[in-house]
Amino acid sequence: MPNWVRVVLQPRWIALAVAALAFTALCWSVLAPWQLGKNTSTSHRNQQISDSVNAAPVPAAQLLGGRADVPKDAEWRRVVLTGTYLGDKQTLARLRNQDGNPAYEVLVPFAADDGATYLVDRGFVRTPTGGVVPEFAPPPSEPVTIQARIRAPEKTDPSRGPRTESGYLQVYAIDPAAIGPALGIAFAPGYLNLAEDQPGGLGAVPLPMLDAGPYLSYGLQWLAFGIMAPLAIGYFVWSEVRRRREDKAVYEAGTAADAGPDPADDAPEITPEAARAARLADRYGRKGQ
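Under this note's numbering, think of the first position of the sequence shown as -11, with each following residue one higher.
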(Lines of atoms letter the chains of each structure in order from A and count residues from 1; the text may use other names and numbers.)
(Lines give C-alpha, C1' and ligand atoms only; values in the text may rest on other atoms or scores of the structure.)
Protein backbone atom coordinates (compact mmCIF):
# COMPACT_ATOMS: atom_id res chain seq x y z
CA MET A 1 0.00 0.00 0.00
CA PRO A 2 1.46 3.42 -0.92
CA ASN A 3 2.61 5.54 1.99
CA TRP A 4 0.17 8.37 1.27
CA VAL A 5 -2.76 5.95 1.37
CA ARG A 6 -1.72 4.77 4.83
CA VAL A 7 -1.62 8.38 5.96
CA VAL A 8 -5.03 9.22 4.53
CA LEU A 9 -6.64 6.17 6.12
CA GLN A 10 -5.62 7.19 9.64
CA PRO A 11 -8.69 7.85 11.83
CA ARG A 12 -7.62 11.41 12.63
CA TRP A 13 -7.31 12.36 8.98
CA ILE A 14 -10.63 10.72 8.14
CA ALA A 15 -12.30 12.67 10.97
CA LEU A 16 -10.71 15.93 9.82
CA ALA A 17 -11.74 15.28 6.22
CA VAL A 18 -15.35 14.65 7.26
CA ALA A 19 -15.33 17.84 9.36
CA ALA A 20 -13.85 19.85 6.47
CA LEU A 21 -16.44 18.56 4.00
CA ALA A 22 -19.24 19.27 6.47
CA PHE A 23 -17.91 22.82 6.92
CA THR A 24 -17.71 23.27 3.15
CA ALA A 25 -21.29 22.07 2.74
CA LEU A 26 -22.41 24.51 5.46
CA CYS A 27 -20.59 27.40 3.80
CA TRP A 28 -21.97 26.72 0.34
CA SER A 29 -25.51 25.73 1.26
CA VAL A 30 -26.29 28.00 4.24
CA LEU A 31 -23.80 30.73 5.16
CA ALA A 32 -22.90 32.06 1.71
CA PRO A 33 -26.50 31.97 0.36
CA TRP A 34 -27.66 33.73 3.55
CA GLN A 35 -25.28 36.66 3.05
CA LEU A 36 -25.71 36.80 -0.72
CA GLY A 37 -29.49 36.73 -0.26
CA LYS A 38 -29.27 39.69 2.12
CA ASN A 39 -27.15 41.52 -0.45
CA THR A 40 -29.75 40.86 -3.15
CA SER A 41 -32.59 41.99 -0.87
CA THR A 42 -30.75 45.16 0.16
CA SER A 43 -29.82 46.00 -3.43
CA HIS A 44 -33.44 45.48 -4.52
CA ARG A 45 -34.67 47.76 -1.71
CA ASN A 46 -32.13 50.45 -2.61
CA GLN A 47 -33.19 50.30 -6.25
CA GLN A 48 -36.85 50.63 -5.29
CA ILE A 49 -36.10 53.66 -3.12
CA SER A 50 -34.03 55.29 -5.88
CA ASP A 51 -36.78 54.70 -8.42
CA SER A 52 -39.46 56.06 -6.08
CA VAL A 53 -37.65 59.36 -5.63
CA ASN A 54 -38.13 60.26 -9.28
CA ALA A 55 -41.47 58.55 -9.86
CA ALA A 56 -44.63 60.65 -9.72
CA PRO A 57 -47.09 59.71 -6.96
CA VAL A 58 -50.08 57.60 -8.00
CA PRO A 59 -53.43 56.95 -6.26
CA ALA A 60 -53.02 54.49 -3.39
CA ALA A 61 -55.90 52.37 -4.68
CA GLN A 62 -54.00 51.81 -7.92
CA LEU A 63 -51.32 49.83 -6.09
CA LEU A 64 -53.14 48.51 -3.02
CA GLY A 65 -56.79 48.33 -3.98
CA GLY A 66 -58.34 44.86 -3.65
CA ARG A 67 -55.08 43.28 -2.45
CA ALA A 68 -54.38 41.27 0.69
CA ASP A 69 -50.65 42.05 0.74
CA VAL A 70 -48.31 44.79 -0.43
CA PRO A 71 -46.90 43.89 -3.87
CA LYS A 72 -43.13 43.54 -3.75
CA ASP A 73 -42.62 46.20 -6.41
CA ALA A 74 -44.98 48.61 -4.67
CA GLU A 75 -43.02 49.18 -1.46
CA TRP A 76 -41.51 52.66 -1.18
CA ARG A 77 -43.69 53.96 -4.04
CA ARG A 78 -45.18 57.37 -3.45
CA VAL A 79 -48.96 57.52 -3.41
CA VAL A 80 -51.54 60.26 -3.06
CA LEU A 81 -54.96 59.99 -1.42
CA THR A 82 -57.73 62.20 -0.15
CA GLY A 83 -59.81 61.56 2.94
CA THR A 84 -60.13 62.14 6.67
CA TYR A 85 -57.97 61.21 9.63
CA LEU A 86 -59.69 59.24 12.40
CA GLY A 87 -57.89 61.18 15.11
CA ASP A 88 -59.65 59.44 18.00
CA LYS A 89 -58.09 56.09 17.11
CA GLN A 90 -54.39 56.88 17.18
CA THR A 91 -51.81 54.23 18.07
CA LEU A 92 -48.21 54.57 19.28
CA ALA A 93 -45.36 52.39 18.07
CA ARG A 94 -43.01 51.87 21.02
CA LEU A 95 -39.22 51.53 21.29
CA ARG A 96 -38.33 53.71 18.31
CA ASN A 97 -35.41 56.08 18.08
CA GLN A 98 -34.70 59.32 16.29
CA ASP A 99 -31.05 60.30 15.93
CA GLY A 100 -30.20 57.95 18.78
CA ASN A 101 -32.91 59.33 21.10
CA PRO A 102 -35.98 57.42 22.32
CA ALA A 103 -39.16 58.18 20.41
CA TYR A 104 -42.61 56.96 19.46
CA GLU A 105 -44.08 56.73 15.98
CA VAL A 106 -47.68 57.97 15.82
CA LEU A 107 -50.07 55.88 13.74
CA VAL A 108 -53.54 56.98 12.72
CA PRO A 109 -56.28 55.49 10.51
CA PHE A 110 -57.08 57.45 7.34
CA ALA A 111 -60.51 56.94 5.75
CA ALA A 112 -59.86 57.61 2.07
CA ASP A 113 -62.34 58.62 -0.61
CA ASP A 114 -61.53 55.41 -2.49
CA GLY A 115 -63.46 53.46 0.17
CA ALA A 116 -60.45 51.93 1.96
CA THR A 117 -58.99 52.80 5.35
CA TYR A 118 -55.21 53.06 5.48
CA LEU A 119 -52.90 52.99 8.49
CA VAL A 120 -50.79 56.16 8.24
CA ASP A 121 -47.52 56.70 10.10
CA ARG A 122 -47.52 60.40 10.95
CA GLY A 123 -43.84 60.28 12.00
CA PHE A 124 -41.74 60.55 15.14
CA VAL A 125 -42.29 62.30 18.46
CA ARG A 126 -39.34 62.39 20.84
CA THR A 127 -39.66 61.42 24.47
CA PRO A 128 -37.28 62.07 27.38
CA THR A 129 -37.65 58.43 28.38
CA GLY A 130 -39.18 55.37 26.80
CA GLY A 131 -41.99 55.21 29.37
CA VAL A 132 -43.31 58.78 28.95
CA VAL A 133 -45.68 59.67 26.12
CA PRO A 134 -45.01 63.28 25.04
CA GLU A 135 -47.68 65.70 23.92
CA PHE A 136 -48.15 66.06 20.19
CA ALA A 137 -50.55 67.87 17.88
CA PRO A 138 -53.69 66.04 16.75
CA PRO A 139 -54.21 65.42 13.03
CA PRO A 140 -56.52 67.72 11.04
CA SER A 141 -60.20 66.94 11.42
CA GLU A 142 -61.19 68.21 8.00
CA PRO A 143 -60.68 66.29 4.72
CA VAL A 144 -57.12 66.58 3.38
CA THR A 145 -54.99 65.29 0.53
CA ILE A 146 -51.74 63.63 1.55
CA GLN A 147 -48.71 62.03 -0.05
CA ALA A 148 -46.97 59.05 1.54
CA ARG A 149 -44.77 56.04 0.84
CA ILE A 150 -46.06 52.49 0.89
CA ARG A 151 -44.40 50.25 3.45
CA ALA A 152 -44.70 46.52 4.03
CA PRO A 153 -45.99 45.63 7.51
CA GLU A 154 -43.63 44.74 10.32
CA LYS A 155 -43.99 41.33 11.96
CA THR A 156 -45.77 41.15 15.28
CA ASP A 157 -44.42 38.92 18.02
CA PRO A 158 -47.45 36.96 19.34
CA SER A 159 -46.22 37.51 22.90
CA ARG A 160 -46.00 41.30 22.39
CA GLY A 161 -49.33 42.27 20.89
CA PRO A 162 -51.18 45.60 21.15
CA ARG A 163 -51.94 46.94 24.62
CA THR A 164 -53.46 50.10 26.05
CA GLU A 165 -51.14 52.27 28.10
CA SER A 166 -51.07 56.00 28.97
CA GLY A 167 -54.36 56.48 27.18
CA TYR A 168 -53.15 55.09 23.84
CA LEU A 169 -53.12 51.75 22.11
CA GLN A 170 -49.42 50.89 21.95
CA VAL A 171 -47.63 48.34 19.76
CA TYR A 172 -44.10 47.09 19.19
CA ALA A 173 -44.56 46.49 15.45
CA ILE A 174 -46.41 48.47 12.80
CA ASP A 175 -48.67 45.66 11.67
CA PRO A 176 -52.17 46.57 10.40
CA ALA A 177 -53.26 42.94 10.76
CA ALA A 178 -52.70 43.22 14.55
CA ILE A 179 -53.71 46.86 15.05
CA GLY A 180 -56.91 46.65 12.98
CA PRO A 181 -58.77 44.14 15.19
CA ALA A 182 -57.79 46.12 18.31
CA LEU A 183 -59.36 49.25 16.79
CA GLY A 184 -62.24 47.49 15.06
CA ILE A 185 -60.99 48.58 11.62
CA ALA A 186 -60.19 46.57 8.50
CA PHE A 187 -57.08 48.22 7.06
CA ALA A 188 -55.74 48.11 3.52
CA PRO A 189 -52.51 46.08 3.29
CA GLY A 190 -49.30 47.60 4.60
CA TYR A 191 -49.05 51.11 5.98
CA LEU A 192 -48.14 54.56 4.70
CA ASN A 193 -45.22 56.74 5.80
CA LEU A 194 -46.18 60.39 5.45
CA ALA A 195 -43.82 62.42 3.28
CA GLU A 196 -42.38 65.67 4.61
CA ASP A 197 -44.57 68.75 5.01
CA GLN A 198 -47.85 66.87 4.77
CA PRO A 199 -51.08 67.69 6.65
CA GLY A 200 -50.98 65.86 9.97
CA GLY A 201 -47.29 65.09 9.70
CA LEU A 202 -44.91 65.07 12.67
CA GLY A 203 -41.18 64.29 12.49
CA ALA A 204 -40.81 62.67 9.08
CA VAL A 205 -39.38 59.15 9.04
CA PRO A 206 -36.16 59.39 6.98
CA LEU A 207 -35.43 57.09 4.10
CA PRO A 208 -32.87 54.36 4.77
CA MET A 209 -29.30 54.96 3.72
CA LEU A 210 -28.71 53.57 0.24
CA ASP A 211 -25.80 51.40 1.30
CA ALA A 212 -25.52 47.82 0.07
CA GLY A 213 -23.63 46.87 3.23
CA PRO A 214 -20.94 44.18 3.60
CA TYR A 215 -23.18 41.25 2.65
CA LEU A 216 -21.61 40.60 -0.76
CA SER A 217 -18.07 40.47 0.66
CA TYR A 218 -19.24 38.25 3.53
CA GLY A 219 -20.90 35.87 1.08
CA LEU A 220 -17.75 35.64 -1.04
CA GLN A 221 -15.69 35.05 2.08
CA TRP A 222 -17.85 32.09 3.09
CA LEU A 223 -17.47 30.65 -0.43
CA ALA A 224 -13.70 31.06 -0.13
CA PHE A 225 -13.65 29.42 3.30
CA GLY A 226 -15.60 26.50 1.88
CA ILE A 227 -12.93 26.02 -0.79
CA MET A 228 -10.01 26.50 1.57
CA ALA A 229 -11.10 23.92 4.17
CA PRO A 230 -10.57 20.76 2.03
CA LEU A 231 -7.47 22.31 0.45
CA ALA A 232 -6.00 22.82 3.92
CA ILE A 233 -6.63 19.16 4.80
CA GLY A 234 -4.94 18.12 1.55
CA TYR A 235 -1.95 20.30 2.35
CA PHE A 236 -1.56 18.84 5.84
CA VAL A 237 -1.77 15.29 4.48
CA TRP A 238 0.87 16.11 1.85
CA SER A 239 3.08 17.63 4.57
CA GLU A 240 2.87 14.50 6.68
CA VAL A 241 3.62 12.26 3.70
CA ARG A 242 6.64 14.41 2.90
CA ARG A 243 7.83 14.33 6.50
CA ARG A 244 7.54 10.55 6.59
CA ARG A 245 9.57 10.27 3.40
CA GLU A 246 12.26 12.51 4.87
CA ASP A 247 12.34 10.47 8.08
CA LYS A 248 12.63 7.29 6.05
CA ALA A 249 15.52 8.77 4.07
CA VAL A 250 17.26 9.74 7.30
CA TYR A 251 16.74 6.27 8.71
CA GLU A 252 18.08 4.58 5.57
CA ALA A 253 21.07 6.92 5.51
CA GLY A 254 21.81 6.12 9.12
CA THR A 255 21.48 2.38 8.52
CA ALA A 256 23.90 2.57 5.61
CA ALA A 257 26.37 4.46 7.76
CA ASP A 258 26.18 1.86 10.54
CA ALA A 259 26.97 -0.91 8.03
CA GLY A 260 30.30 0.76 7.27
CA PRO A 261 31.59 2.47 4.15
CA ASP A 262 32.05 0.71 0.87
CA PRO A 263 35.82 0.17 0.36
CA ALA A 264 35.42 1.25 -3.26
CA ASP A 265 33.62 4.44 -2.22
CA ASP A 266 35.67 7.43 -1.05
CA ALA A 267 32.54 9.35 0.06
CA PRO A 268 32.62 10.54 3.68
CA GLU A 269 30.68 8.61 6.28
CA ILE A 270 27.08 9.76 6.86
CA THR A 271 25.82 9.30 10.38
CA PRO A 272 22.09 9.43 11.30
CA GLU A 273 22.75 12.69 13.11
CA ALA A 274 24.41 14.17 10.05
CA ALA A 275 21.57 13.06 7.82
CA ARG A 276 18.98 14.60 10.14
CA ALA A 277 21.00 17.83 10.41
CA ALA A 278 21.17 17.99 6.61
CA ARG A 279 17.41 17.52 6.36
CA LEU A 280 16.75 20.25 8.92
CA ALA A 281 19.18 22.56 7.14
CA ASP A 282 17.37 22.00 3.86
CA ARG A 283 14.04 22.69 5.54
CA TYR A 284 14.95 25.78 7.58
CA GLY A 285 18.02 27.08 5.75
CA ARG A 286 21.71 26.94 6.48
CA LYS A 287 23.40 29.51 8.65
CA GLY A 288 25.72 31.84 6.86
CA GLN A 289 23.93 31.51 3.52
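Don't be surprised by glycine CBs; every beta carbon is placed ideally from N, CA and C.
- Counting the other CB atoms within 10 Å of its CB gives Tyr223 a total below 16, which places it among the exposed residues.
- A distance of 8 angstroms or more separates the beta carbons of Arg65 and Leu83.
- According to DSSP, residue pairing for Phe98 in a beta bridge involves Tyr73, Tyr106.
- Around the C-beta of Leu195, fewer than 16 other C-beta atoms lie within 10 Å, and the residue is accordingly described as exposed.
- If the five residues before and after Pro187 are omitted, its C-beta is found closer than 7 angstroms to the C-beta atoms of Pro128, Val132, Ile134, all from its own chain and listed in chain order.
- Pro202 and Ala43 have their C-alpha atoms spaced approximately 28 angstroms apart.
- Between Val94 and Leu190, the C-beta spacing is below 8 angstroms.
- Beyond the five residues adjoining it in sequence on each side, Ile215 comes within less than 8 angstroms, by CB distance, of Thr12 in the same chain, given in chain order.
- In terms of Cβ geometry, Tyr92 and Val67 do not form a close pair [threshold 8 angstroms].
- Ala136 places its beta carbon less than 8 angstroms from that of Ala183.
- Taking a contact as a CB-CB distance under 8 angstroms, the pair Ala166 and Thr144 counts as one, their CB atoms being some 4 angstroms apart.
- Residues Phe98, Ala99, Ala100, Asp101, Pro131 of the same chain have their beta carbon placed closer than 7 angstroms to that of Gly71, with the five preceding and five following residues left out of the count.
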